[in-house]
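A.B. asks:
Residue numbers (my numbering): 25 to 322.
Next up, the structure:
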């Protein structure tokens, strides 16, 4: 399983990107540990590698096999225990939560999976769901500093969003951020309790522009005092990929409620300059592919 993304929790699952890969890795670990004591296995691996490695490579090997990084070390075992306790894996196989999390690559797989199985998205509006997702895909630098506490964030953005919206939409409620904060707080606390050196990073800079964009407002209105137009387009394109991932997940677990919201959002967010940029990136990628193919064939 962007596992434990780029920085996430189920990295061991995401590295193999499929249930089969995970099972093979776990079966191999069990097989090796059944044949050798842990310390004996480490010594064997080091001895065999030393026969072929240069001095520089040996230095790197010593770092890789250090107690801090060793795959058989405490943190690896704690990550496995975390996944077992949270019902993601059991007896070397992925459970339904693990299957769902393994399909989530652009968002925080654990937080989204936990919220999904707790039905947190059921009563949310589409723009609220996507605003939450935006916190996990945005890496744009904010023009103004955003407070870390959800109450401060809600106050800041409710004022800014309210100033931009028409009279009939003035009563904006950012209470949906409470759910995100609860799961982020619980997840961070669990990582500490399990001794996992991993942090949860959320970026709130795109909440207002994404929320307003989903409501149909113009680009200039959406990005005012928030992020650059280019940064906003990048966030929307990432969210479009997230929607596609989550639609697949919803089909897998038969969550028609969220699926229908995401399908509508998919149509709503790709418009105006975002469509132009999307077409540009697509055409640019196709052009690069043609150039590479021509280069290889010549």
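Ideal Cβ placement from N, Cα and C applies to all residues, glycine included.
Because the structure is a prediction, the values reported are computed rather than measured.
1) Relative to the C-alpha of residue 201, which candidate in 268, 120 and 151 has its C-alpha closest?
2) In three-state terms, what does DSSP make of residue 129?
3) Cβ atoms of residue 273 and residue 154: under 7 Å apart, would you say?
4) Roughly how far, in whole angstroms, is the beta-carbon of residue 298 from the beta-carbon of residue 260, given that I think they are within contact range, below 8 Å?
5) Can you tell me whether residue 117 is helix, strand or coil according to DSSP?
6) Whose C-alpha, out of 238, 204 and 210, is nearest the C-alpha of residue 156?
7) Measuring CB to CB, does residue 140 end up less than 7 Å from residue 266?
8) Confirm, please, whether the CB-CB distance from residue 120 to residue 269 is below 7 Å.
9) May I have the straight-line CA-CA distance separating residue 232 from residue 246, to the nearest angstrom?
10) Rounding to the nearest angstrom, what Cα-Cα distance links residue 113 and residue 101 in this structure?
11) Does DSSP put residue 198 in a helix, in a strand, or in coil?
12) Just verifying my parser: in three-state terms, what is the DSSP assignment at residue 222?
13) Round the Cβ separation of residue 99 and residue 219 to the nearest angstrom and send it over; I've been treating them as touching at under 8 Å.
14) Quick check: residue 135 and residue 207, are their CB atoms within less than 7 Å of each other?
15) My assumption, with CB atoms under 8 Å, is that residue 215 sits in contact with residue 222. Please give the rounded CB distance.
16) Which residues in the same chain as residue 281 place their Cβ atom closer than 7 Å to its Cβ, once the five residues preceding and following it in sequence are excluded?
17) At a cut-off of 6 Å, would you count residue 156 as near the ligand SAM, judging by its Cβ distance to the nearest heavy atom?
18) Sorted by chain position, which residues of the same chain lie with C-beta nearer than 6 Å to residue 110's C-beta, five sequence neighbours on each side aside?
19) Quick check: what's the CA-CA separation for residue 294 versus residue 103?
20) Measure the CB-CB distance between residue 230 and residue 158 and report whether it falls below 7 Å.
21) Where does residue 255 sit, in a helix, a strand or coil, going by DSSP?
C.D. replies: Let's see:
1) Here residue 201 refers to the residue found at position 177 when the chain shown is read from its first residue. The residue with the shortest Cα to Cα distance from residue 201 is 151.
2) Residue 129 sits at position 105 when you count from the first residue of the chain shown. Coil.
3) On the chain shown, residue 154 is found 130 positions in, with the first residue counted as 1. On the chain shown, residue 273 is found 249 positions in, with the first residue counted as 1. No, Cβ-Cβ distance for residue 154 and residue 273 is not below 7 Å.
4) The residue you call residue 298 lines up with position 274 of the chain shown. The residue you call residue 260 lines up with position 236 of the chain shown. Correct: roughly 5 Å between the Cβ atoms.
5) If you number the chain shown from 1, residue 117 lands on position 93. Residue state for residue 117 is assigned as strand, using DSSP reduced to three classes.
6) By 1-based counting over the chain shown, the position of residue 156 is 132. The shortest C-alpha separation from residue 156 is found at 204.
7) As a first step, residue 140 must be located in the chain shown, where it is residue number 116. As a first step, residue 266 must be located in the chain shown, where it is residue number 242. Taking 7 Å as the cut-off, the Cβ atoms of residue 140 and residue 266 do not count as close.
8) Locating residue 269 in the chain shown gives position 245, counting from the first residue. Locating residue 120 in the chain shown gives position 96, counting from the first residue. Going by C-beta atoms, residue 269 is not nearer than 7 Å to residue 120.
9) Within the chain shown, residue 232 is the residue found at index 208, counting from 1. Within the chain shown, residue 246 is the residue found at index 222, counting from 1. Here the C-alpha atom of residue 232 lies approximately 7 Å from the C-alpha atom of residue 246.
10) Within the chain shown, the letter at position 89 stands for residue 113. Within the chain shown, the letter at position 77 stands for residue 101. When rounded, the distance between both Cα atoms is 13 Å.
11) As a position in the chain shown, residue 198 is number 174, starting the count at 1. Shown here, residue 198 sits in coil according to DSSP, grouped into three states, outside any helix or strand.
12) Translated into the one-based positions of the chain shown, residue 222 becomes position 198. Of the three classes helix, strand and coil, the one that applies to residue 222 here is coil, per DSSP.
13) By 1-based counting over the chain shown, the position of residue 99 is 75. By 1-based counting over the chain shown, the position of residue 219 is 195. Cβ atoms of residue 99 and residue 219 come within 8 Å of each other, at about 7 Å.
14) Locating residue 135 in the chain shown gives position 111, counting from the first residue. Locating residue 207 in the chain shown gives position 183, counting from the first residue. The criterion of a C-beta distance shorter than 7 Å is satisfied by residue 135 and residue 207.
15) Stepping through the chain shown from its first residue, residue 215 is reached at position 191. Stepping through the chain shown from its first residue, residue 222 is reached at position 198. Between residue 215 and residue 222, the beta carbon gap of about 5 Å places them in contact (Cβ cut-off 8 Å).
16) For the purposes of this step, residue 281 is taken as residue 257 along the chain shown, with counting starting at 1. Answer for residue 281: 146, listed in chain order.
17) You won't find the ligand SAM in this model; it holds no ligand whatsoever.
18) Position 86 of the chain shown, counted from the start, is the residue given in the question as residue 110. Closer than 6 Å at Cβ, skipping near neighbours: no residue.
19) Position 270 of the chain shown, counted from the start, is the residue given in the question as residue 294. Position 79 of the chain shown, counted from the start, is the residue given in the question as residue 103. Rounded to whole angstroms, residue 294 to residue 103 spans 38 Å at the Cα level.
20) Walking along the chain shown from the start, residue 230 turns up at place 206. Walking along the chain shown from the start, residue 158 turns up at place 134. Yes, Cβ-Cβ distance for residue 230 and residue 158 is below 7 Å.
21) What you label residue 255 is simply residue 231 of the chain shown in a count that begins at 1. Three-state DSSP puts residue 255 in a helix.
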